[in-house]
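Trainee:
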Amino acid sequence: MQVLILGSGVIGTSIAYYLAQAGHQVTVLDRQPGPALETSFANAGEVSPGYSAPWAGPGVPLKAIKWMLMQHSPLVVKPMFDPAMWRWGLSMLRNCTQARYEVNKSRMVRLAEYSRDCLKQLRADTGIAYDERAQGTLQLFRTQQQFEGSGKDVEVLKTSGVPYQLLDRDECVEYEPALGRVREKFVGGLRLPGDETGDCFKFTQALAKMAEAAGVTFRFGVTIEALERDANGITGVRTSAGTLSADRYVVALGSYSPALLKPLGIALPVYPVKGFSITVPITDASGAPESTVMDETFKVAVTRLGDRIRVGGTAQLSGFDMALDQRRRDTLDHVVSDLFPDGGDVRAASFWTGLRPMTPDGTPVIGATPVPKLMLATGHGTLGWTMAAGTGRVMADLIDGRVPAIDMEGLTIARYG
Ligand SMILES: Cc1cc2nc3c(=O)[nH]c(=O)nc-3n(C[C@H](O)[C@H](O)[C@H](O)COP(=O)(O)OP(=O)(O)OC[C@H]3O[C@@H](n4cnc5c(N)ncnc54)[C@H](O)[C@@H]3O)c2cc1C
22 MQVLILGSGV
32 IGTSIAYYLA
42 QAGHQVTVLD
52 RQPGPALETS
62 FANAGEVSPG
72 YSAPWAGPGV
82 PLKAIKWMLM
92 QHSPLVVKPM
102 FDPAMWRWGL
112 SMLRNCTQAR
122 YEVNKSRMVR
132 LAEYSRDCLK
142 QLRADTGIAY
152 DERAQGTLQL
162 FRTQQQFEGS
172 GKDVEVLKTS
182 GVPYQLLDRD
192 ECVEYEPALG
202 RVREKFVGGL
212 RLPGDETGDC
222 FKFTQALAKM
232 AEAAGVTFRF
242 GVTIEALERD
252 ANGITGVRTS
262 AGTLSADRYV
272 VALGSYSPAL
282 LKPLGIALPV
292 YPVKGFSITV
302 PITDASGAPE
312 STVMDETFKV
322 AVTRLGDRIR
332 VGGTAQLSGF
342 DMALDQRRRD
352 TLDHVVSDLF
362 PDGGDVRAAS
372 FWTGLRPMTP
382 DGTPVIGATP
392 VPKLMLATGH
402 GTLGWTMAAG
412 TGRVMADLID
422 GRVPAIDMEG
432 LTIARYG
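Numbering (this note's numbering), first residue to last: 22 to 438.
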């Protein structure tokens, strides 16, 4: 079958790889000069099925107000006239009940756990290298109140069967020795030993090469303008390089997916949630993290990626604006300098921003649509790197006519009615 994949982020590229393995003729289109140059470029590097949970949860509206008032705020909302933003925000609020949280989380965990298994298998099959580490992640509590407040999260982990360890200060230092230099800054942590880390950009680049070797055609520098359809479904994709046709079309355009689907009458509730990262060259490896340390106070993740430290965080609602805001960088600088003061040279860090394609319920939208030949793989939000391999595999199975290894309940656009 001929398949056109729109978007060569980590999601589109993963789908292309698995489809090529199944023997399909695949072309990937992207406006950038290479794969993973937008949101998949410099994320926080966590492959974290253990933290697969929607942002919308009980108590979040109150917490959000508190966060917005903090100096180094994890949440920034730019008041603006954008009906899509307010609709998305209201829908997110409606998902903040305990019942919705449990449903949404179970869907996310289903895909994330499967994805971690697919990633392991992919490593075993191909030897793909991307500064990966399988040493778990550590959520660090600066206050006793945070430590005690983790009880609810632990309950959820227990119910979902996710392995975890509650650690006191000394035990945290056993796993992250550099934290021994700043012992007074934290009281303990919650470790998820099953989580992994790695560079999403390196992964996607390497996977694209493997996909290409397996016959996939990547067409870069091509802007996708519209989908064309008749009564039998999609007939082509109008692009800056002309109109292209295939047997199946997969939209994997991250935050830019809804605009393409709107003219077809598909209302996809994906909104860009802006995040920031800095990448710090390591100057003293013994002062750097071993894996990911997630600072619970500022919601900032500090991850070891080879000879660099990636520091990522902030959720900012400000539409598609891509400006680099110095105040957001100050927060990231503050956290890494506070927890790993000797690890790297923060002044030499590169600064980046990306738009998380977020659904209000946290779960991505993958699989078939009501329009024949059109499929979606988007809305992966905070966890696109974590869920990429699993999404690739599931999409390839669906296109190939096989039943995916996980239940598709609640993962397709059908859940929005
Ligand atoms: C600060 C930050 C930290 C994060 N940390 C983590 C983490 O630790 N772990 C995790 O799992 N996830 C994390 N994420 C989320 C993760 O990065 C995303 O979910 C993931 O990258 C989304 O991948 P994607 O392929 O859907 O989108 P993208 O990578 O954005 O890919 C979409 C592609 O579509 C192309 N495109 C768009 N419009 C057009 C058009 N009109 N024509 C042609 N091409 C087009 C773009 O060029 C792009 O290449 C983080 C995100 C941010 C911002």
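Yeah, the Cβ is synthetic: ideal placement off N, Cα and C, and Gly gets one too. These numbers come from a predicted model, not from an experiment.
Using only the alpha-carbon positions, how far apart do V243 and G148 sit?
Mentor: For the purposes of this step, residue 243 is identified with residue 222 of the sequence shown, where counting begins at 1. For the purposes of this step, residue 148 is identified with residue 127 of the sequence shown, where counting begins at 1. Between V243 and G148, the C-alpha separation is close to 31 Å.
Trainee: Beta carbon of I330, beta carbon of V356: below 8 Å?
Mentor: Within the sequence shown, numbered from 1, the residue matching residue 330 stands at position 309. Within the sequence shown, numbered from 1, the residue matching residue 356 stands at position 335. Not closer than 8 Å, so no.
Trainee: Reducing DSSP to helix, strand and coil, say where S127 ends up.
Mentor: Residue mapping note: residue 127 aligns to position 106 of the sequence shown, counting from 1. The answer is helix: DSSP assigns S127 an H, G or I state.
Trainee: Is it true that the segment 365 to 379 meets the segment 290 to 310, where meeting means three or more beta-carbon pairs spaced less than 8 Å apart?
Mentor: Yes, since at least three Cβ pairs between the segment 365 to 379 and the segment 290 to 310 fall closer than 8 Å, the two stretches touch.
Trainee: Less than 8 Å between the CB atoms is what I'm expecting for P378 and G400, so what's the real figure, rounded?
Mentor: For the purposes of this step, residue 378 is taken as the residue at position 357 of the sequence shown. For the purposes of this step, residue 400 is taken as the residue at position 379 of the sequence shown. Indeed they touch by this definition, with Cβ atoms about 5 Å apart.
Trainee: At a cut-off of 7 Å, is H355 close to ligand 1 when judged by its beta-carbon and the heavy atoms of the ligand?
Mentor: In the sequence shown, the residue the question calls residue 355 occupies position 334. Every heavy atom of ligand 1 is 7 Å or more from the Cβ of H355, so no.
Trainee: Based on the DSSP secondary-structure assignment, which residues constitute the bridge partners of L90?
Mentor: Mapped onto the sequence shown, residue 90 falls at position 69. In the DSSP output, where bridge partners are listed per residue, L90 has none listed.
Trainee: Taking the alpha-carbon of L388 as reference, which of A435, D346, M408 and L265 has the nearest alpha-carbon?
Mentor: By one-based count along the sequence shown, residue 388 stands at place 367. One detail in the question is off: residue 388 reads as Gly in this sequence, not Leu. Ranking A435, D346, M408 and L265 by Cα distance to G388 puts A435 first.
Trainee: In the DSSP output, what is E233 paired with across the bridge?
Mentor: Within the sequence shown, residue 233 is the residue found at index 212, counting from 1. Looking at the DSSP assignment, E233 forms no beta bridge with any residue, so it has no partner.
Trainee: How big is the Cα-Cα spacing for S61 and D191?
Mentor: Residue 61 sits at position 40 when you count from the first residue of the sequence shown. Residue 191 sits at position 170 when you count from the first residue of the sequence shown. Their backbone Cα atoms lie some 35 Å apart in a straight line.
Trainee: If you draw a straight line from the alpha carbon of I245 to that of S261, how long is it in whole angstroms?
Mentor: If you number the sequence shown from 1, residue 245 lands on position 224. If you number the sequence shown from 1, residue 261 lands on position 240. Taking the straight line joining both Cα atoms gives about 7 Å.
Trainee: With which residues is S371 paired in a DSSP beta bridge?
Mentor: Residue mapping note: residue 371 aligns to position 350 of the sequence shown, counting from 1. In DSSP, S371 forms a bridge with T300.
Trainee: Does the beta-carbon of F297, which I'm using as the reference point, lie nearer than 7 Å to any heavy atom of ligand 1?
Mentor: For the purposes of this step, residue 297 is identified with residue 276 of the sequence shown, where counting begins at 1. The answer is yes for F297.
Trainee: At the level of alpha carbons, what is the spacing between V130 and G78?
Mentor: By 1-based counting over the sequence shown, the position of residue 130 is 109. By 1-based counting over the sequence shown, the position of residue 78 is 57. Distance between the alpha carbons of V130 and G78: 15 Å.
Trainee: Grab me the residues of D152's own chain with a C-beta within less than 7 Å of its C-beta, minus the 5 sequence neighbours each way, in chain order.
Mentor: The count along the sequence shown starts at 1 and reaches residue 152 at position 131. The answer, listed in chain order, is G219, D220, K223, L326 and G327.
Trainee: Which residues in the same chain have their Cβ closer than 7 Å to the Cβ of P214, if we skip the five residues on either side of it in sequence?
Mentor: Mapped onto the sequence shown, residue 214 falls at position 193. Within the same chain, P214 has close Cβ partners G157, P184 and Q186.
Trainee: What does the alpha-carbon distance come out to for the pair P100 and R204?
Mentor: Stepping through the sequence shown from its first residue, residue 100 is reached at position 79. Stepping through the sequence shown from its first residue, residue 204 is reached at position 183. Distance between the alpha carbons of P100 and R204: 39 Å.
Trainee: Does ligand 1 have a heavy atom nearer than 7 Å to the CB of L404?
Mentor: Indexing the sequence shown from 1 puts residue 404 at position 383. Yes.
Trainee: Could you check whether V415 and L397 sit closer than 8 Å to each other, using their CB atoms as the reference points?
Mentor: What you label residue 397 is simply residue 376 of the sequence shown in a count that begins at 1. What you label residue 415 is simply residue 394 of the sequence shown in a count that begins at 1. The answer is no: Cβ separation not under 8 Å.
Trainee: Helix, strand or coil: which one does DSSP assign to Y151?
Mentor: In the sequence shown, residue 151 corresponds to position 130, counting from 1. Here Y151 sits in coil by DSSP.
Trainee: Is the closest heavy atom of ligand 1 to the C-beta of I32 under 7 Å?
Mentor: Taking the sequence shown and counting its residues from 1, the one referred to as residue 32 is at position 11. At least one heavy atom of ligand 1 is nearer than 7 Å to the Cβ of I32, so yes.
Trainee: Going by Cα to Cα distance, which pick from P310, A426 and S136 is closest to G201?
Mentor: The residue given as residue 201 occupies position 180 in the sequence shown. Checked all of P310, A426 and S136; the closest Cα to G201 is P310.
Trainee: Using three-state DSSP, classify L96 as helix, strand or coil.
Mentor: Within the sequence shown, residue 96 is the residue found at index 75, counting from 1. Reduced to three states, the DSSP call for L96 is strand.
Trainee: Confirm the yes/no value for this check: CB of I255, any heavy atom of ligand 1, distance under 7 Å.
Mentor: Looking up residue 255 in the sequence shown gives position 234. No, the beta carbon of I255 sits no closer than 7 Å to any heavy atom of ligand 1.
Trainee: For A267, count neighbouring Cβ atoms within 10 angstroms of its own Cβ and tell me buried if that reaches 16, exposed if not.
Mentor: For this step, residue 267 is matched to residue 246 along the sequence shown. Classification for A267: buried.
Trainee: For the beta strand (DSSP E) containing F207, list its first residue and its last residue.
Mentor: Residue numbering aside, residue 207 sits at position 186 when the sequence shown is read from its first letter. Here F207 belongs to no beta strand (DSSP E), and DSSP marks it neither H nor E.
Trainee: Check whether the segment 230 to 238 touches the segment 161 to 175, counting contact only when three or more Cβ pairs, one atom from each stretch, lie closer than 8 Å.
Mentor: Segments in contact, no.
Trainee: Is the beta carbon of R349 within less than 7 Å of some heavy atom of ligand 1?
Mentor: In the sequence shown, the residue the question calls residue 349 occupies position 328. No, the Cβ of R349 stays beyond 7 Å of every heavy atom of ligand 1.
Trainee: Run through DSSP, which three-state label would K320 get?
Mentor: Indexing the sequence shown from 1 puts residue 320 at position 299. Coil at K320, not helix or strand.
Trainee: Which residue comes first and which comes last in the beta strand (DSSP E) that contains I330?
Mentor: If you number the sequence shown from 1, residue 330 lands on position 309. First-last of the beta strand (DSSP E) with I330: R329 to L338.
Trainee: CA-CA distance, G257 and V24?
Mentor: Against the sequence shown, residue 257 aligns to sequence position 236. Against the sequence shown, residue 24 aligns to sequence position 3. Roughly 11 Å between the two C-alpha positions.
Trainee: Please report how far the alpha carbon of R137 lies from the alpha carbon of Q226, in whole angstroms.
Mentor: Here residue 137 corresponds to residue number 116 of the sequence shown, with the count starting at 1. Here residue 226 corresponds to residue number 205 of the sequence shown, with the count starting at 1. Answer to the nearest angstrom: the Cα atoms are 19 Å apart.
Trainee: Counting along the chain, where does the alpha helix (DSSP H) carrying D191 start and finish?
Mentor: On the sequence shown, position 170 is the one that residue 191 refers to. Here the alpha helix (DSSP H) through D191 covers R190 to Y196.
Trainee: Compute every distance between the C-beta of Y39 and the non-hydrogen atoms of ligand 1, then say whether any falls below 7 Å.
Mentor: For the purposes of this step, residue 39 is taken as the residue at position 18 of the sequence shown. No; taking the cut-off as 7 Å, the Cβ of Y39 has no heavy atom of ligand 1 nearer than that.
Trainee: Start and end of the beta strand (DSSP E) containing M416?
Mentor: To locate residue 416, count along the sequence shown from 1; it is residue 395. Per DSSP, M416 belongs to no beta strand (DSSP E); it is in the alpha helix (DSSP H), G405 to D421.
Trainee: Mapping DSSP to helix, strand and coil, what is T384?
Mentor: Taking the first residue of the sequence shown as 1, we reach residue 384 at position 363. Three-state DSSP puts T384 in coil, outside helix and strand.
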